[in-house]
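Protein chains in written order, with my numbering: chain G, 1 to 113; chain S, 1001 to 1113. What follows is one structure encoded as structure tokens, with my remarks underneath.
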């Protein structure tokens, strides 16, 4: 998966708890993205980063925050998890441009009970 | 909102047959990409075609782009059981330096041995 590691791979948590997902890359790529994948919705962009400390919102950003303090790490935080945030979360990276070829991680299956 | 819409939603063919999948979009694009996702895995980039290109080949894959009709097709020739996967089109726009890819909901392809 092109030097992208997502952790954890699976997580079960309770409604109302904060959750942080981590994406780590070894490719030194500038752009990093967080998507969620849900049946019937395909992939939807949550947040993305175009450099260290440079982030912006995607189409489904409510309830999520991100941070990027180093090129290699992009963290996604669910501030107070809800059942509607049960999903598979994918991190992706791109080095050539923000709408160019993406490399995806293996995903994190998150269940909020 | 999703830019690309794939058609059909599901396709089942016999090994050795060709598989054709279509993608339509609504606004002007810089490029269109196709990705594959095997069950439980992240997406893998297959091919990228730019708005000034009409056709592109990669191995058994052939992609066409018709910007006048705002549509693309992905042809997989001589399909194999290993081609069984979900296929997504993604469109890249012109909305500035940090434009993002927008994914469709995907097509499920089943190739019967």
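For each residue, glycine too, the CB sits at the ideal point set by N, CA and C. It should be emphasised that the depicted structure is a prediction, and the values quoted were computed from it without experimental measurement.
C-alpha of residue 53 of chain G to C-alpha of residue 1019 of chain S: approximately 43 Å in a straight line.
Secondary structure in the region 3–41 of chain G: the beta strand (DSSP E) runs of 3 residues or longer, each lying completely within the stretch, are 4–7, 10–13, 19–25 and 31–38 in chain order. For the pair of segments examined, the region 1072–1089 of chain S was found not to touch the region 92–103 of chain G: the number of CB pairs separated by less than 8 Å stays below three. Within the region 1018–1070 of chain S, the complete beta strand (DSSP E) runs of at least 3 residues fall at 1019–1024, 1031–1037, 1043–1050, 1055–1058 and 1061–1066. Where residue 1092 of chain S is concerned, the enclosing beta strand (DSSP E) starts and stops at 1085–1092. Each of S:1112, S:1113, S:1104 and S:1076 was checked against the Cα of residue 1043 of chain S, and the nearest Cα belongs to S:1104. For residue 1030 of chain S, the chain G residues whose C-beta falls within less than 8 Å of its own C-beta are 99, listed in chain order. The C-beta of residue 47 of chain G has 16 or more other C-beta atoms within 10 Å across all chains shown, which makes the residue buried.
Pairing residue 68 of chain G with residue 22 of chain G, the inter-Cα distance amounts to about 10 Å.
The C-beta of residue 1090 of chain S comes closer than 9 Å to at least one C-beta of chain G. For the pair residue 65 of chain G and residue 112 of chain G, the CB atoms are not nearer than the 9 Å cut-off.
Excluding the 5 residues flanking it on each side, residue 26 of chain G has same chain C-beta neighbours closer than 6 Å at 3, in chain order.
Rounded to the nearest angstrom, the gap between the Cα atoms of residue 1014 of chain S and residue 1037 of chain S is 20 Å. For residue 112 of chain G, the uninterrupted beta strand (DSSP E) segment begins and ends at 108–112. C-alpha of residue 1009 of chain S to C-alpha of residue 1107 of chain S: approximately 5 Å in a straight line. Between the alpha carbons of residue 49 of chain G and residue 33 of chain G lies a distance of about 6 Å. When Cβ-Cβ separations below 9 Å define contact, residue 48 of chain G makes contact with chain S. At a cut-off of 9 Å, the C-beta of residue 1102 of chain S has a neighbouring C-beta in chain G.
Of the candidates S:1045, S:1100 and S:1026, S:1026 places its Cα closest to the Cα of residue 1066 of chain S.
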